[in-house]
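Enquirer: Position one of the sequence shown corresponds to residue 26 (the working numbering), numbered consecutively onward.
Note that beta-carbon positions come from the ideal geometry of N, C-alpha and C, so glycine has one too.
To start, I am sharing the structure in question, which I have written as structure tokens.
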Amino acid sequence: MHTKGEPHAFVIFGATGDLTKRKLLSAFGGLCKRGLVPDGSYILGVARKHMEDGEFEQMAKDALREAGLAEVSGKIAIHYQGLDDGEFAGLEARLRSLESKYPTHGNRIFYLALPADRFGETISGLGEAGLAHSSGWTRLVIEKPFGTDLKSAQELKTTVSKYFSENQVYLIDHYLGKETVQNILMFRFSNLIFESLWSRDRIDYVQITVAEELGLEGRAGYYENAGALR
Numbered sequence: 026m027h028t029k030g031e032p033h034a035f036v037i038f039g040a041t042g043d044l045t046k047r048k049l050l051s052a053f054g055g056l057c058k059r060g061l062v063p064d065g066s067y068i069l070g071v072a073r074k075h076m077e078d079g080e081f082e083q084m085a086k087d088a089l090r091e092a093g094l095a096e097v098s099g100k101i102a103i104h105y106q107g108l109d110d111g112e113f114a115g116l117e118a119r120l121r122s123l124e125s126k127y128p129t130h131g132n133r134i135f136y137l138a139l140p141a142d143r144f145g146e147t148i149s150g151l152g153e154a155g156l157a158h159s160s161g162w163t164r165l166v167i168e169k170p171f172g173t174d175l176k177s178a179q180e181l182k183t184t185v186s187k188y189f190s191e192n193q194v195y196l197i198d199h200y201l202g203k204e205t206v207q208n209i210l211m212f213r214f215s216n217l218i219f220e221s222l223w224s225r226d227r228i229d230y231v232q233i234t235v236a237e238e239l240g241l242e243g244r245a246g247y248y249e250n251a252g253a254l255r
């Protein structure tokens, strides 16, 4: 049984990017439609691009409408914060200001919808500004890829551990959240005919194909650095 949980600030780094427009906003809207977003929660988009709240709100509502969620677009409180390099103190001040308006009690989710090479500096910025902890609970969600090789992954792990405890951190690959992918394990263990056959001794590899109608759509820079598999 799903519960609403507690009101919180959903802070998206990379708020003007493709992942936010196509996935995160529609996912948040879907939860809202199902009644799973606590009343008093809000979205704070964060990116280097400077724009007004109203401009980002319109972008977010357009994304929700494209996802077939126009009916919830007016129910979600949406704000925006431009963030230049090293200006995390300004973000902390903005959150405190919004928390005087919304009953979130300092509960915050920081979602890093960013290129992997910006994870470290963003996490350090949050930590140095005192944003790793608040009067409520704090969660850090890191999108794939967690580093580009073993060395960079270990370095990123060290940075994360410096500021956040393990129970605050969530690693996410949004493709693994797709129902069909999640159902593979249930299909394997709930069918006796496959349970004994589907093992490392009998399966060479598992290939999951996700066909998309989209091309690079301006994401060449991301794929040149991260590749398509990480």
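Quick one: Cα of R133 to Cα of E146, how far?
Expert: Taking the sequence shown and counting its residues from 1, the one referred to as residue 133 is at position 108. Taking the sequence shown and counting its residues from 1, the one referred to as residue 146 is at position 121. The straight-line gap from Cα to Cα measures roughly 19 Å.
Enquirer: If we call anything under 8 Å between Cβ atoms a contact, is H33 one with S66?
Expert: Reading the sequence shown from its first residue, position 8 is the one you call residue 33. Reading the sequence shown from its first residue, position 41 is the one you call residue 66. Result yes, Cβ atoms of H33 and S66 sit closer than 8 Å.
Enquirer: DSSP three-state call for A85: helix, strand or coil?
Expert: The residue you call residue 85 lines up with position 60 of the sequence shown. Helix, per DSSP.
Enquirer: Measure the Cβ-Cβ separation of E22 and L69 and say whether it is below 8 Å.
Expert: Since the first residue of the chain shown is 26 and the last is 255, residue 22 is not available in this structure.
Enquirer: For the beta strand (DSSP E) containing V62, name the first residue and the last one.
Expert: For this step, residue 62 is matched to residue 37 along the sequence shown. Element bounds for V62: n/a, residue is neither H nor E.
Enquirer: Does the distance from the CB of F113 to the CB of L156 come in under 8 Å?
Expert: Position 88 of the sequence shown, counted from the first residue, corresponds to residue 113. Position 131 of the sequence shown, counted from the first residue, corresponds to residue 156. For F113 and L156, yes; Cβs fall inside 8 Å.
Enquirer: Where does G42 fall in DSSP's three states?
Expert: The residue you call residue 42 lines up with position 17 of the sequence shown. If DSSP states are grouped into helix, strand and coil, G42 belongs with coil.
Enquirer: May I have a chain-ordered list of the beta strand (DSSP E) segments no shorter than 3 residues that lie completely inside the stretch 126-192?
Expert: 133-137 and 163-168
Enquirer: Hey, out of R119, S160, L181 and I37, whose CA is closest to F144's CA?
Expert: Here residue 144 corresponds to residue number 119 of the sequence shown, with the count starting at 1. Checked all of R119, S160, L181 and I37; the closest Cα to F144 is L181.
Enquirer: Please report how far the alpha carbon of V206 lies from the alpha carbon of A141, in whole angstroms.
Expert: The residue given as residue 206 occupies position 181 in the sequence shown. The residue given as residue 141 occupies position 116 in the sequence shown. Each residue's Cα considered, the two are about 24 Å apart.
Enquirer: Report back the beta-carbon spacing between A72 and G39 to the nearest angstrom; my notes put them in contact at under 8 Å.
Expert: Sequence index remark: in the sequence shown, residue 72 carries index 47 (1-based). Sequence index remark: in the sequence shown, residue 39 carries index 14 (1-based). That belief holds up - the Cβ atoms of A72 and G39 are roughly 6 Å apart, short of 8 Å.
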